[in-house]
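Enquirer:
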Amino acid sequence: MKISITKAEQSRISELDFDNLDFGRIFSDHMFEMAYSDGKWHSAVIKPYGPITFEPSMMALHYGQAIFEGMKAYHVNHDTIQLFRPQDHHARLNNSARRLCMPEIDESVFINALEELLKLDHEWVPKKHGQALYIRPVMFATEEYLAAKVSQEYRFFIITSPVGAYYNEGFNPVKLTTSDQYVRAVKGGTGEAKAAGNYGGSFLPALRAQQNGYTQVLWLDANEHKYIEEVGTMNIFFLIGDTLITPGLEGTVLPGITRRSVITLAKEWEVTVEERKISIDELFDAYRSGTLKEIFGAGTAAVISPVGLVHHQGNTIDLDMEKIGPFAKRMYDAITGIQYGKVEDSHGWAHPVDVTTSVYH
Ligand SMILES: Cc1ncc(COP(=O)(O)O)c(C=O)c1O
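Each step along the sequence shown adds one to the number in numbering that gives the first Met the number 0, with nothing skipped, and position 24 is 23.
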């Protein structure tokens, strides 16, 4: 599919303070857009970032057919920007689309759109280690029709936002609490899709957790309220003894790309990895017996996020961590090393984009 490109008349980049980047508040000069109607994607454009107009009857607003992805581009050198596992993000986007009865996108269209956008806006990719250009692909239903049914029309955008280093002032272990009242996902629901509605529904429990002094909710399963699932925007890992344990993917947990990378690397380091049900009681037992060594979250935003404290029904696991555990640190260094092109990528995860080759410069 050919992308028609309209360049911004004037770049807004001079307004940007690269040393003070807030997450997701500033958007680079251009955006990608395409439309779906009559059974096909068409009208692919890259154009200046700006407002879009839709009618109030647009179906996404009423029935929630909206999905998205979250990924990052990393500065390697003057000529090269790197994406991390974009094919996996594309595959997950299509999985989400299938679950929500939305149209899939060809991998070549997705990757090409990302590459052209990056070539045009490569100066927006911050250069310091830890900083990155956050990429947000989003698809939503645009048919104007107040009927609770599958929309026949969609729009797909990619917008990008320079983001600061997550760990500017060193690693900051998060505090998690389970919730007695709320669940994130049920078997057969939309938990394994990156559906916008999953997030809207989690805000109230997250707010309650924050009011009680915790960073995020540690979600338990909806049926028995017993097995650990994941955290707000991260999958969760436990190092118990010398075994790395993470909840399996059984339909309620988002299959994280970082999660998959952690599992692959850990196995290569000859660490035993178990993807299985782990109950909150098993976790507390491991803590009490002294075998629980580390807890960390894994996700695109922070890569690896150490967990210092877990609260559950009045009991607390306090790992007394000032910083990150040695295993989580090794994992963080290994993954970010690949992302920033500092460590050899033997897995084909890095997707370098030569930003000097655009025909549009
Ligand atoms: C609910 C949820 N779980 C886990 C993750 C981690 O996924 P990834 O590693 O692909 O960013 C995310 C972030 O996308 C998320 O929103």
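For every residue, glycine included, the Cβ atom is placed at its ideal position computed from N, Cα and C.
1. Name, in chain order, the residues that DSSP records as bridge partners for Met-233.
2. What do you get for Thr-257, buried or exposed, if any count of 16 or more other CB atoms within 10 angstroms of its CB means buried?
3. Roughly how many angstroms separate the alpha carbons of Phe-67 and Gly-196, rounded to a whole number?
4. By the 10 Å Cβ neighbour count, where 16 or more other Cβ atoms means buried, how is Gly-304 classified, buried or exposed?
5. Give me the Cα-Cα distance between Glu-72 and Leu-308, rounded to the nearest whole angstrom.
6. Taking Cβ to Cβ, would you say Ala-205 is nearer than 9 Å to Gly-231?
7. Can Val-270 be considered in contact with ligand 1, in the sense that its beta carbon sits closer than 8 Å to one or more heavy atoms?
8. Cα-Cα, which of Gly-240, Ala-333 and Phe-155 is closest to Val-261?
9. Taking contact to mean at least 3 C-beta pairs separated by less than 8 Å, is the segment 90-98 in contact with the segment 33-45?
10. Quick check: the Cα distance between Ile-323 and Gln-338, rounded to an integer number of angstroms?
11. May I ask whether a heavy atom of ligand 1 can be found less than 8 Å away from the beta carbon of Glu-249?
12. Going by other Cβ atoms of all chains shown within 10 Å of its Cβ, with 16 needed for buried, is Gln-312 buried or exposed?
13. Measure the beta-carbon distance from Gly-23 to Val-162 and round it to whole angstroms, keeping in mind my assumption that it falls under 8 Å.
14. My parser needs the beta strand (DSSP E) runs of 3 or more residues fully inside the segment 31-76; what are they?
15. Is any heavy atom of ligand 1 found at a distance shorter than 8 Å from the C-beta of Arg-154?
16. In this structure, does DSSP put Phe-139 in helix, strand or coil?
17. What does the Cβ neighbour count give for His-360, buried or exposed, with the cut at 16 atoms within 10 Å?
18. Roughly how many angstroms separate the alpha carbons of Arg-287 and Glu-103, rounded to a whole number?
19. How many Å lie between Ser-13 and Glu-122 at the Cα?
20. Identify the continuous alpha helix (DSSP H) that holds Arg-287 and give its terminal residues.
21. Thinking just about the alpha-carbon of each residue, which of Leu-253, Tyr-213 and Thr-251 is nearest to the one in Ile-316?
22. Suppose you measure from the CA of Val-75 to the CA of Glu-269; what does that come to, to the nearest Å?
23. Could you tell me how far apart the beta carbons of Glu-191 and Leu-248 are, in whole angstroms, since I believe they sit closer than 8 Å?
24. Is the beta carbon of Ile-294 closer than 9 Å to that of Phe-236?
25. Expressed to the nearest angstrom, what Euclidean distance is found between the alpha-carbon atoms of Met-320 and Asp-280?
26. On the DSSP bridge list, what partners appear for Gln-81?
27. Does Gly-336 come out as helix, strand or coil in the three-state DSSP assignment?
28. So the alpha helix (DSSP H) Val-309 belongs to, where does it begin and stop?
29. Who are the near neighbours of Arg-11 in its chain, counting only those whose CB is closer than 7 Å to its CB and skipping five residues on each side?
30. Any idea what DSSP makes of Asp-317, helix, strand or coil?
31. Does the beta-carbon of Val-149 have 16 or more other beta-carbons within 10 angstroms, so that it is buried, or is it exposed?
32. Under 8 Å from any heavy atom of ligand 1, does the C-beta of Val-230 make it?
33. Which residues in the same chain as Ile-239 place their Cβ atom closer than 6 Å to its Cβ, once the five residues preceding and following it in sequence are excluded?
34. Give the C-beta separation of Gly-255 and Ala-297 to the nearest angstrom, bearing in mind that I take them to be a contact with Cβ-Cβ under 8 Å.
35. I'd like the list of long-range same chain contacts for Ala-7, defined as Cβ closer than 7 Å, with 5 residues on each side in sequence excluded.
Expert: The relevant details are as follows:
1. Met-233 pairs with Val-230.
2. The residue is buried, with at least 16 neighbouring Cβ atoms inside 10 Å.
3. Whole-angstrom Cα-Cα distance: 11 Å.
4. In the sequence as presented, Gly is not what sits at residue 304; that position holds Ser. By the neighbour-count definition (other C-beta atoms within 10 Å, threshold 16), Ser-304 is a buried residue.
5. According to the sequence displayed, residue 72 carries Ala and not Glu. Computed Cα separation, rounded: 31 Å.
6. In contact: Ala-205 and Gly-231 (Cβ atoms closer than 9 Å).
7. If you check the C-beta of Val-270 against ligand 1, you find no heavy atom less than 8 Å away.
8. Ranking the options by Cα distance to Val-261, first place goes to Ala-333.
9. In the pairwise beta carbon analysis, the segment 90-98 is classified as not touching the segment 33-45: fewer than three pairs are separated by under 8 Å.
10. Each residue's alpha carbon lies about 20 Å from the other.
11. Not a single heavy atom of ligand 1 lies less than 8 Å from the C-beta of Glu-249.
12. Only exposed fits Gln-312, as fewer than 16 other CB atoms lie within 10 angstroms of its CB.
13. Between Gly-23 and Val-162 a beta carbon distance of about 7 Å is seen, short of the 8 Å cut, so the two are scored as contacting.
14. The qualifying runs are 39-47, 65-67 and 70-76.
15. Because no heavy atom of ligand 1 lies under 8 Å away, the Cβ of Arg-154 does not count as near it: no.
16. Reduced to three states, the DSSP call for Phe-139 is strand.
17. Summary for His-360: the model assigns pLDDT 45, below 50, so the residue's position carries little reliability, and this model does not support an answer.
18. In a straight line, the C-alpha of Arg-287 is about 48 Å away from that of Glu-103.
19. Those two C-alpha atoms are separated by around 11 Å.
20. Start and end: 279-287.
21. Among Leu-253, Tyr-213 and Thr-251, the Cα nearest to that of Ile-316 belongs to Tyr-213.
22. Answer to the nearest angstrom: the Cα atoms are 29 Å apart.
23. About 7 Å; that satisfies the 8 Å criterion.
24. The beta carbons of Phe-236 and Ile-294 sit closer together than 9 Å.
25. Looking at the two C-alpha atoms, the distance is approximately 21 Å.
26. The partner list for Gln-81 (beta bridge, DSSP) reads Tyr-73 and Pro-351.
27. Helix, per DSSP.
28. Unbroken run through Val-309 is the beta strand (DSSP E), 302-311; no alpha helix (DSSP H).
29. Correct list, in chain order: Asp-28.
30. Collapsing the DSSP output to three states places Asp-317 in a strand.
31. Counting the other Cβ atoms within 10 Å of the Cβ of Val-149 gives fewer than 16, which makes it exposed.
32. Within the chosen limit of 8 Å, ligand 1 reaches the beta carbon of Val-230 through at least one heavy atom.
33. Here the set comprises Ala-285, Thr-290 and Leu-291.
34. Sure, about 6 Å apart at Cβ, within 8 Å.
35. The beta carbon of Ala-7 sits closer than 7 Å to the beta carbons of Asp-28, His-29 and Pro-47 from its chain, once the five residues preceding and following it are set aside; these are given in chain order.
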